[in-house]
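S.K.: Below: one structure in structure tokens.
Chains as they are written, first to last, in the UniProt record's numbering: chain A, 1 to 253; chain B, 1 to 253.
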């Protein structure tokens with residue numbers, strides 16, 4: 001038997017009153033989740049916390065030791081409610097400093113835009129000892145301190161920071177998935193799903209029901225790190241559905 | 001001086017591998033957040049956890065004692081990956097039972113749809129001593145155990161359960177908000193925002209920048225439970241922006 005592959009895990013802390021008030025619909029959970037899957041890293045948990053130092057410190061210090069990587073989004077702009085850098089510095093027990101490279105980037109950017117004011121200089125502040133995450137899309141860099149990755153809350157800016165990290169993080173075998181759709185109520189085939197999952201070690205089957213035009217259907221998403229086991233499990237599920245007179249739709253509905 | 005109003009708080013646990021894989025974009029955080037605001041209850045924190053008993057138990061037991069109310073979404077369907085009721089029963093230290101009213105609802109519903117199978121009967125299971133949350137939209141009830149409210153993951157079904165709870169939960173004074181928009185880079189007025197927030201006790205100002213057609217703007221959202229202080233703070237911010245030659249747009253952009 002071969003040693004099971006090491007699984008790399010990550011957590012995400014979404015920081016912002018605007019998410020908790022319902023004013024802003026978060027897009028970073030799905031964005032970071034999708035990006036991590038491609039890097040072969042599993043997002044295991046997410047916390048959404050307020051713009052509140054104690055809440056940020058608690059979440060960061062709980063999750064950074066529990067997982068290989070911790071990402072945060074939000075709270076790194078120039079205004080008084082942007083307290084992420086201060087809170088994470090407190091969590092890590094280091095000072096806040098002005099990062100010289102971040103200062104140079106902002107200096108260049110604001111040279112023709114009214115100059116680098118005190119408020120704008122806030123965006124050059126990092127926990128002491130941090131590195132910058134380059135961002136070729138928008139210029140604004142993210143911040144890396146050990147296994148903590150600090151990113152913007154605006155999804156397009158966060159996307160640029162993730163792009164700057166592609167291939168930089170060690171990951172395990174990516175989790176692969178295959179989807180089988182079927183026009184069936186999931187409760188009609190619950191026993192089949194359960195038996196199929198049990199028959200293929202290392203496979204997980206998620207069931208995602210929906211209603212379209214008054215008809216009940218479901219997509220069954222099979223996940224595994226092993227492409228052969230994944231394919232065999234999907235085939236078995238298709239056969240099982242057909243045996244019950246249901247048309248299975250490989251690829252999903 | 002009058003006693004400050006009691007503030008009621010809530011937390012939300014979103015349960016589901018499909019959110020953590022990025023496959024499904026969560027809509028329940030914003031939906032629950034918006035609903036709670038109307039009830040005068042503040043959503044203080046959210047956790048997204050996997051379909052994993054230990055993860056659900058940890059989140060539920062941490063948050064249900066920290067807040068007045070705890071909501072969960074996801075994992076109450078008929079399939080093997082729907083483990084929320086089992087995990088919450090474990091968290092609460094009670095048995096899982098078949099709730100007679102839930103069984104009757106399902107019996108009626110499936111009478112003309114192939115009958116109440118063992119898989120479907122899973123959806124009638126609740127923690128012992130729980131009450132049902134009526135759902136006049138889709139029939140499927142939610143579950144209430146003390147201050148824990150268990151709801152479906154499908155947003156339209158969760159909406160029906162929230163509708164069934166309108167006016168049922170004690171809340172404090174609702175948090176009111178006013179928005180002032182301005183075509184300005186938030187970094188240009190960061191000092192003004194900070195000073196204005198400090199000048200009006202109990203007000204919070206959030207700054208939400210954006211770019212439209214190449215122009216930089218921001219909405220400043222002022223929040224308070226006191227309508228008079230809120231209005232005065234918003235007026236002060238408008239005046240402050242105009243003093244700097246910026247057009248303030250009450251209501252936001």
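C-beta: ideal position from N, C-alpha, C; glycine also.
Going along the chain, which unbroken runs of the alpha helix (DSSP H) with 4 or more residues stay wholly within the region 28-73 of chain B?
M.R.: Listed in chain order, the complete alpha helix (DSSP H) runs (minimum 4 residues) inside the region 28-73 of chain B are 28-39 and 53-63.
S.K.: Relative to chain B, which residues along the region 20-43 of chain A have a C-beta separation below 9 Å, given in chain order?
M.R.: Residues are counted here when their Cβ sits less than 9 Å from a Cβ of chain B; for the region 20-43 of chain A these are 20, 21, 22, 23, 24, 25, 26, 27, 29, 30, 31, 32, 33, 34, 35, 36, 37, 42 and 43, given in chain order.
S.K.: Using 7 Å as the threshold, is the C-beta distance between residue 13(B) and residue 54(B) below it?
M.R.: no
S.K.: May I ask you to report which of helix, strand or coil DSSP gives residue 12(B)?
M.R.: strand
S.K.: Judging by CA-CA distance, which residue of 65(A), 126(A), 112(A) and 119(A) is the nearest neighbour of residue 89(A)?
M.R.: 126(A)
S.K.: With DSSP collapsed to three states, give me the class of residue 98(A).
M.R.: strand
S.K.: Keeping to the same chain, check which residues put their C-beta closer than 6 Å to that of residue 91(A); ignore five residues upstream and five downstream.
M.R.: Here the set comprises 57, 60 and 61.
S.K.: Quick one: residues in its chain with C-beta nearer than 6 Å to the C-beta of residue 249(A), no 5 flanking neighbours on either side, listed in chain order?
M.R.: 181
S.K.: Expressed to the nearest angstrom, what Euclidean distance is found between the alpha-carbon atoms of residue 214(B) and residue 184(B)?
M.R.: 12 Å
S.K.: In three-state terms, what does DSSP make of residue 1(B)?
M.R.: Caution applies to residue 1(B), whose pLDDT of 46 falls short of 50 and renders its modelled position unreliable; the value that the coordinates give is listed next. Of the three classes helix, strand and coil, the one that applies to residue 1(B) here is coil, per DSSP.
S.K.: With a threshold of 16 other CB atoms inside 10 Å of the CB of residue 1(B), please say whether the residue is buried or exposed.
M.R.: Unreliable positioning characterises residue 1(B) in this predicted model, as indicated by a pLDDT of 46, which lies under 50. The coordinate reading is nonetheless provided below. Burial call: exposed.
S.K.: Any residues in the region 69-100 of chain B with a beta carbon nearer than 7 Å to a beta carbon of chain A? Which ones, in chain order?
M.R.: 77, 78, 79, 80 and 81
S.K.: Can you find a C-beta in chain B that's less than 7 Å from the C-beta of residue 235(A)?
M.R.: no
S.K.: List, in order along the chain, the chain A residues whose C-beta lies closer than 8 Å to that of residue 173(B)?
M.R.: Ordered by position in chain A, no residue passes the 8 Å Cβ test against residue 173(B), which lies about 15 Å from the chain.
S.K.: When the Cβ atoms of the region 99-109 of chain B are set against those of the region 124-141 of chain B, are three or more pairs found closer than 8 Å?
M.R.: yes
S.K.: Roughly how many angstroms lie between the CA atoms of residue 149(A) and residue 217(B), to the nearest whole one?
M.R.: 27 Å
S.K.: Flag residue 243(B) as yes if its beta-carbon sits less than 7 Å from any beta-carbon of chain A, otherwise no.
M.R.: no
S.K.: Of the residues 245(B), 243(B) and 237(B), which one's Cα is nearest the Cα of residue 251(B)?
M.R.: 237(B)
S.K.: Any chance you could list the alpha helix (DSSP H) runs of at least 4 consecutive residues sitting entirely within the region 110-141 of chain B, in chain order?
M.R.: 118-121
S.K.: For residue 78(B), which option in 202(B), 71(B) and 124(B) has the closest C-alpha, if you only look at C-alpha atoms?
M.R.: From the listed residues 202(B), 71(B) and 124(B), the smallest Cα separation to residue 78(B) is found for 124(B).
S.K.: Step through the CB atoms of chain A and report whether any lies within less than 7 Å of the CB of residue 207(B).
M.R.: yes
S.K.: Would you call the region 217-226 of chain B in contact with the region 183-200 of chain B, where contact means no fewer than 3 C-beta pairs closer than 8 Å?
M.R.: yes
S.K.: Would you check if there are 3 or more beta carbon pairs closer than 8 Å linking the region 222-239 of chain A to the region 197-211 of chain A?
M.R.: yes
S.K.: Could you list which residues in chain B have their beta carbon closer than 9 Å to that of residue 104(A), in chain order?
M.R.: None at all; the shortest Cβ gap to chain B is about 17 Å.
S.K.: Considering only the alpha carbon of each residue, which of 112(B), 160(B), 146(B) and 152(B) lies closest to residue 134(B)?
M.R.: Per the C-alpha coordinates, the member of 112(B), 160(B), 146(B) and 152(B) positioned closest to residue 134(B) is 160(B).
S.K.: From the beta carbon of residue 238(B), is the nearest beta carbon of chain A less than 7 Å away?
M.R.: no
S.K.: Which chain B residues are close to residue 191(A), counting only those with a beta carbon under 8 Å from its beta carbon?
M.R.: 118 and 119
S.K.: Distance, Cα to Cα, residue 32(A) vs residue 151(A)?
M.R.: 10 Å
S.K.: If I measure Cβ to Cβ from residue 253(A) and keep anything under 7 Å in the same chain, skipping five residues before and after, which residues do I get?
M.R.: 181, 217 and 219
S.K.: Pull up the CB-CB distance for residue 7(A) and residue 172(A), whole angstroms please, since I reckon it's below 8 Å.
M.R.: Residue 7(A) to residue 172(A), Cβ: 5 Å. Contact.
S.K.: Which first and last residues belong to the beta strand (DSSP E) in which residue 218(B) is found?
M.R.: 215-224
S.K.: I'd like the ranges of any alpha helix (DSSP H) spanning at least 4 consecutive residues and lying wholly in the region 150-237 of chain A.
M.R.: 155-165 and 190-199
S.K.: Please check if any C-beta of chain B sits within less than 7 Å of the C-beta of residue 48(A).
M.R.: Yes, residue 48(A) counts as interfacial toward chain B.
S.K.: What did DSSP end up calling residue 23(A) once you bin it into helix, strand or coil?
M.R.: When DSSP states are grouped into helix, strand and coil, residue 23(A) belongs to the coil group.
S.K.: Can you tell me whether residue 209(B) is buried or exposed? The criterion is at least 16 other CB atoms within 10 Å of its CB, across all chains shown.
M.R.: buried
S.K.: If the cut is a Cβ gap below 9 Å, which residues of chain A does residue 197(B) touch?
M.R.: 80 and 81
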